[in-house]
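J.: Numbered by the numbering used here, the letters in the sequence shown go through residues 357 to 497 in order. By construction, the Cβ of each residue, glycine as well, lies at the ideal position given by its N, Cα and C atoms.
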Amino acid sequence: MSEHYVRRRRKRMSEMNVVPYIDVMLVLLVIFMITAPLMNLGVEIDLPQATAEALSDQGDPLMVTVTRNGDFFLDTGDQPQLVDGETLVSTIAAIAARNPDLQVLVGGDRDAAYQHIYAAMVYLQRAGVPSVGLIGDPEQD
357 MSEHYVRRRR KRMSEMNVVP YIDVMLVLLV IFMITAPLMN LGVEIDLPQA TAEALSDQGD
417 PLMVTVTRNG DFFLDTGDQP QLVDGETLVS TIAAIAARNP DLQVLVGGDR DAAYQHIYAA
477 MVYLQRAGVP SVGLIGDPEQ D
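(1) Quick check: P436 and T423, are their CB atoms within less than 8 Å of each other?
(2) Contact between the segment 437 to 448 and the segment 474 to 484 is defined here as three or more beta-carbon pairs at a separation below 8 Å; is this criterion met?
(3) Ignore the nearest five residues each way along the sequence and tell me which others in V488's own chain have a CB closer than 7 Å to its CB.
(4) Is G398 helix, strand or coil when you go by DSSP?
(5) For R366, count the other beta carbons within 10 Å of its own beta carbon; 16 or more makes it buried, fewer makes it exposed. Which is it?
(6) Can the beta-carbon of I448 be found less than 8 Å from the beta-carbon of A483?
(7) Three-state secondary structure (DSSP) at M389?
(8) Taking the alpha helix (DSSP H) that T443 falls in, what are its first and last residues?
(9) What would DSSP say about L430, mapped onto helix, strand or coil?
(10) Could you give the DSSP three-state label for Q471: helix, strand or coil?
(11) Quick check on F388: buried or exposed, where buried means 16 or more other Cβ atoms within 10 Å of its Cβ?
(12) Taking its Cβ as the centre, do 16 or more other Cβ atoms sit within 10 Å of L490, making it buried, or is it exposed?
(13) Can you list, in chain order, the residues of its chain whose CB lies under 6 Å from that of P376, leaving out five sequence neighbours each side?
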């Protein structure tokens, strides 16, 4: 019995398997995406020392309180008075004309809608108030 075995030569693969490299690159990409926002991109500088004195307190600021209903109360040192928007503008504009460094603080009820507090700030802007701040109660432990 004469069987002929034909021996075939297998061709070697000369291609490189890149799947493991792609896996490594994806892991590195994820690591860079996570760590990039955590990097501090600030510039370190040494600020000069100032010899100026601290600003003095200009007195008590005016208080505008906004209720949950949208009512405005103006506290000028006396008893807080209920005022409408136009009265608020005219009263504070008269006070701001006498005191150009006037500071007004706006306080809102916990349940007051944002639109009412925003309206108070718009009225104060129309009155020409240069400095408006928001106040609130500190959190209790």
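T.: The answer reads as follows:
(1) Within the sequence shown, numbered from 1, the residue matching residue 436 stands at position 80. Within the sequence shown, numbered from 1, the residue matching residue 423 stands at position 67. No.
(2) Flag = yes, the segment 437 to 448 and the segment 474 to 484 touch.
(3) The residue you call residue 488 lines up with position 132 of the sequence shown. Counting only Cβ-Cβ distances below 7 Å, and skipping sequence neighbours, we find V460, V462, M477, L480.
(4) Position 42 of the sequence shown, counted from the start, is the residue given in the question as residue 398. Bear in mind that the predicted position of G398 carries a pLDDT of just 46, short of 50, making it too unreliable to give a figure here.
(5) Here residue 366 corresponds to residue number 10 of the sequence shown, with the count starting at 1. Flag for R366 reads exposed.
(6) The residue you call residue 448 lines up with position 92 of the sequence shown. The residue you call residue 483 lines up with position 127 of the sequence shown. I448 places its beta carbon less than 8 Å from that of A483.
(7) As a working note, residue 389 is residue 33 in the sequence shown. Three-state DSSP puts M389 in a helix.
(8) Locating residue 443 in the sequence shown gives position 87, where the first residue counts as 1. Here the alpha helix (DSSP H) through T443 covers 441 to 454.
(9) Taking the first residue of the sequence shown as 1, we reach residue 430 at position 74. Look at L430 here: in three-state DSSP terms it is strand.
(10) As a first step, residue 471 must be located in the sequence shown, where it is residue number 115. In the structure shown, the three-state DSSP call for Q471 is helix.
(11) Walking along the sequence shown from the start, residue 388 turns up at place 32. Exposed, by the Cβ-count rule.
(12) Here residue 490 is taken as the residue at index 134 of the sequence shown, counted from 1. When all chains shown are included, L490 counts as exposed.
(13) Here residue 376 is taken as the residue at index 20 of the sequence shown, counted from 1. The beta carbon of P376 sits closer than 6 Å to no other beta carbon from its chain once the five residues preceding and following it are set aside.
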